[in-house]
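With full-length UniProt numbering applied, the sequence shown covers 1 to 285. Every residue gets a Cβ at the ideal spot worked out from N, C-alpha and C, and that includes glycine.
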Amino acid sequence: MLTPRQRIILRQIVSPPYIYRWAGLLTTVGLIVGVAVVVLADTRTSAVLATSAGPAVASPSGIRARTAEDAPARGMPGVARPAITSTRLTVTSTTTERPTVALTFDDGPNNVYTPQVLDLLAQYRAPATFCMVGNQAAAHTEMVHRVAAEGHRLCDHTMTHDATVGYHETDLMGRQLDFSRTSLATVFDPPAPIDYFRAPEGAWTPILDEMSARTGMRPLGWSVDTLDWTQPGVDAIVNSVKQSVHPGAIILFHDGGGPREQTVEAVRQLLPWLQEQGYAFTFPN
């Protein structure tokens, strides 16, 4: 129970002009707390982009970047994928002189899904470009050899699937791209040509686009994103291609970085459908 004095004080507090002062004070405190929460959340997000909980991987910079094993986390349904930013250098289409499409597969190789994709491509005589993560390529060299032996092309997708590579210093960026390209090329003896570079998560920057070209690789984008990494269901993946494909399209799939059963089944349905629509399969150019 409040004493008479306490009741008088309380009435004064909740009556003008004191109530306005309290409201203003509480509003100010709320704004300060809100700003602090946003700043802390942004700082934490930046830290997550630059690091991961996986084992450290040797690189010329000594910096730990996200690995392909981290990819399932970014592949969770409902997580927004950064849109690709194409510059004048980035390849985002094939020739349009005839109805062609280019098939590309990211984040592999994987010893479960890549063989299934290769079997389907062989069945329909469809060439494809495989954008490989260096660590994955080193772990599954037999898959890298099979990809090349069956006439497909190789694309550098960085050593550790580092989506922040385009924001590094120019010298560091150049060393990283050269290291990942060399690591993939030297799976073969003599080293194989690496035709393309694709930025992880489509996180292009103008200098990354230019730097990949300087290191002898064509910056490779896409024009049809199946969003298969979100595991939206086979029908959704198939429909995304059917609704967006056009002559000269470069289609983005994934054969690694997480469960890819949906992708394999979607490719199984799409290859004959694309042929029925009059499309031929080719490489990006």
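- Between D156 and L184, the gap from beta carbon to beta carbon is short of 8 Å.
- The C-beta separation of F253 from P127 comes to about 14 Å, leaving the pair out of contact by the 8 Å criterion.
- Counting of Cβ neighbours within 10 angstroms places P200 among the buried residues, the total reaching 16 or more.
- About 6 Å separates the beta carbons of G174 and M211, which is inside the 8 Å limit, making them a contact pair.
- Restricting attention to L274, F197, T263, the CA atom closest to the CA of S244 is found in L274.
- Within the model, the alpha-carbon separation for T164 versus F188 is close to 28 Å.
- Residue state for R98 is assigned as coil, using DSSP reduced to three classes.
- For L227, the three-state secondary structure derived from DSSP is coil.
- In the DSSP annotation of this structure, the continuous segment of the alpha helix (DSSP H) that includes R175 starts and ends at 170-185.
- Counting along the chain, I237 sits inside no beta strand (DSSP E); it lies in the alpha helix (DSSP H) bounded by residues 234-244.
- Counting only residues of its own chain and dropping the five nearest sequence neighbours on each side, A122 has a CB closer than 8 Å to the CB of E150.
- At the C-beta level, M217 and I194 come within 8 Å of one another.
- Under DSSP, D156 shares a beta bridge with M132, F197.
- Beta-bridge annotation (DSSP): G108 is paired with M132.
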